[in-house]
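In terms of UniProt numbering, the sequence shown opens at residue 1 and continues consecutively. These notes concern the structure reproduced below.
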Amino acid sequence: MNQENPDSSTQPFKRNAVSIFVGLAAIALLICAAAYLPKIASVSTSVGGRELPIYCVDTDKPQISISFDAAWGNEDTQTILDILAKHNVKATFFMTGGWVESYPEDVKKIYEAGHDLGNHSENHKHMSELSTEEQTQELMKVHNKVKELTGVDMILFRPPYGDYNDSVIKTAAANHYYPIQWSVDSLDWKDYGADSIIQTICENKSLENGSVILCHNGAKYTKDALETVITTLQGKGYEFVPISELIYKDHYHMDRAGKQIADT
């Protein structure tokens, strides 16, 4: 005699109930996990249909940033680092791939001193003349070199010559970079002398809270002007912070002058 399993009639119901329970539990876990995921940044870099990099920052804090483009030479790098350390100033160094490859120990020194490491492209080309793929290569080749040396994933990019278009800005963002320009140009690369650099920076009409100052570590007179620039601006009440601390990382928009403004 075949004996029917007394629970056989309820098996389909139980299987369905278990499946529903498991499905609901999985959904609940996803909802809980989503609560801990980083929120998508609310950012607008487009003004009048044109993509803009960050030239300066709108802030009530008397904070400014000094930056050094490193594309040639390292003779003065240690002196610059010593002056920055003497006055407890943290800066930002934008480095090309060639410079990183030529002076890896300097890259490590800059990082170990607590300064920002910034991307200045692999080969210092006009980025707007390159394809999107070539732009990405220019960014990521030097990115990977610095990552291998220091473990740092750089997030700041300054296009060589300040040259950019919509494609350059979008490519930078797609590779998790904030494109950075400057609002105060030291003109140190013109080799007019230390006094000229000091005056150009310290009496600049664009100098204000949130300014980004452009210098070059390889310019002839930069090291001679640097200490006076720092002490003069500190005397005016400014605090130097690296660009990574000056800029807003999310929830911001740009004005037509390239000033980064926090959303309220």
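Ideal Cβ positions, reconstructed from N, Cα and C, are used throughout, including at glycine.
Cβ pair count under 8 Å reaching 3, the segment 49-62 against the segment 206-224
yes
Worksheet item: If we ignore side chains and look at the alpha-carbon of each, how far apart do residue 233 and residue 76 end up?
Response: 22 Å
- Query: For residue 201, which option in 258, 227, 177 has the closest C-alpha, if you only look at C-alpha atoms?
  - Reply: 227
In three-state DSSP terms, what is residue 212?
-> strand
message: Restricting to runs no shorter than 4 residues, where is the alpha helix (DSSP H) found entirely within the segment 43-117?
response: 77-86, 97-102, 104-112
*Is it the case that the Cβ atoms of residue 116 and residue 74 are separated by a distance below 7 Å?*
no
How many Å lie between residue 94 and residue 119 at the Cα? 5 Å
So which of 157, 83, 131, 92 has the shortest CA-CA distance to residue 121?
157
Note to self: For residue 262, report the span of its beta strand (DSSP E) as first-last.
What the structure shows: 259-262
Item to complete: Ignore the nearest five residues each way along the sequence and tell me which others in residue 217's own chain have a CB closer than 8 Å to its CB.
Response: 68, 69, 70, 73, 74, 76, 77, 80, 93
Classification of residue 257 by the beta-carbon crowding that lies within 10 angstroms, buried from 16 upward
exposed
Would you check if the distance between the CB atom of residue 254 and the CB atom of residue 96 is smaller than 7 Å?
no
| query | Rounded C-beta distance between residue 191 and residue 219? I'm assuming under 8 Å. | reply | 7 Å
*Would you call the CB atoms of residue 197 and residue 161 closer than 7 Å?*
no
Distance, Cα to Cα, residue 188 vs residue 229? 12 Å
- Query: Which word fits residue 38, buried or exposed, when buried means at least 16 other C-beta atoms lie within 10 angstroms of its C-beta?
  - Reply: Low confidence applies here, because residue 38 scores a pLDDT of 35, under 50, leaving its location unreliable; read the following figure in that light. By the 10 Å Cβ count, residue 38 comes out exposed.
task: Determine the direct distance from the alpha carbon of residue 167 to that of residue 173, and round the result to whole angstroms.
output: 10 Å
Does DSSP put residue 39 in a helix, a strand or coil? Confidence at residue 39 is low in this model, with a pLDDT of 38, below 50, so the placement of that residue is unreliable and no value is reported for it.
Query raised in the report: Does the separation of the CB atoms of residue 266 and residue 203 fall below 7 Å?
Result: Because the chain spans 1 through 264 in this model, residue 266 falls outside it and cannot be assessed.
Problem set entry | Reduced DSSP secondary structure (H/G/I, E/B, other) of residue 127 | helix
- Do you know whose CA, among 241, 151, 193, lies nearest residue 66's CA? 241
Does the distance from the CB of residue 100 to the CB of residue 152 come in under 7 Å?
-> no
- Task: Could you work out which residue in 148, 205, 195 is closest to residue 224 when comparing CA atoms only?
- Result: 195
Next on the checklist: Could you give the first and the last residue of the continuous beta strand (DSSP E) run that contains residue 140?
Outcome noted: That residue, residue 140, is in no beta strand (DSSP E); its alpha helix (DSSP H) goes 132-150.
Coil, strand or helix - residue 180 by DSSP: strand
* Within 10 angstroms of the Cβ of residue 244, are there 16 or more other Cβ atoms? Answer buried if so, exposed if not. => buried
| query | I think residue 137 touches residue 127, with their Cβ atoms under 8 Å apart; what is that distance to the nearest whole Å? | reply | Their Cβ separation, rounded to whole angstroms, is 11 Å, which puts residue 137 and residue 127 out of contact at 8 Å.
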